[in-house]
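These notes are about the structure you will find just below.
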Amino acid sequence: MIIFQGTEDKIVPPSQAEIMAQGLRDKKIPFSLVMYEGEQHGFRQS
Numbered sequence: 038m039i040i041f042q043g044t045e046d047k048i049v050p051p052s053q054a055e056i057m058a059q060g061l062r063d064k065k066i067p068f069s070l071v072m073y074e075g076e077q078h079g080f081r082q083s
């Protein structure tokens, strides 16, 4: 699983991605969390 998250996302805050990542870590499910600095929900700058 891969999670993409904008650090400035107000619709799905970065804290929700961190909570999901911790849940995956706890269950030993492989994943990657990619944070896009300055991005909001639509990833318009990337």
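Note that the working numbering has the sequence shown beginning at 38, numbered continuously upward.
Even for Gly, the Cβ is constructed at its ideal location relative to N, Cα and C.
Taking 8 Å as the upper bound for CB-CB distance, Q59 and P51 are not in contact here, some 13 Å apart. For M57, the enclosing alpha helix (DSSP H) starts and ends at P51 to D63.
The continuous beta strand (DSSP E) containing M72 extends over residues S69 to Y73.
Here the alpha carbon of G75 sits roughly 25 Å from the alpha carbon of L61. Residue pairing for F41: DSSP places it in a beta bridge opposite V71.
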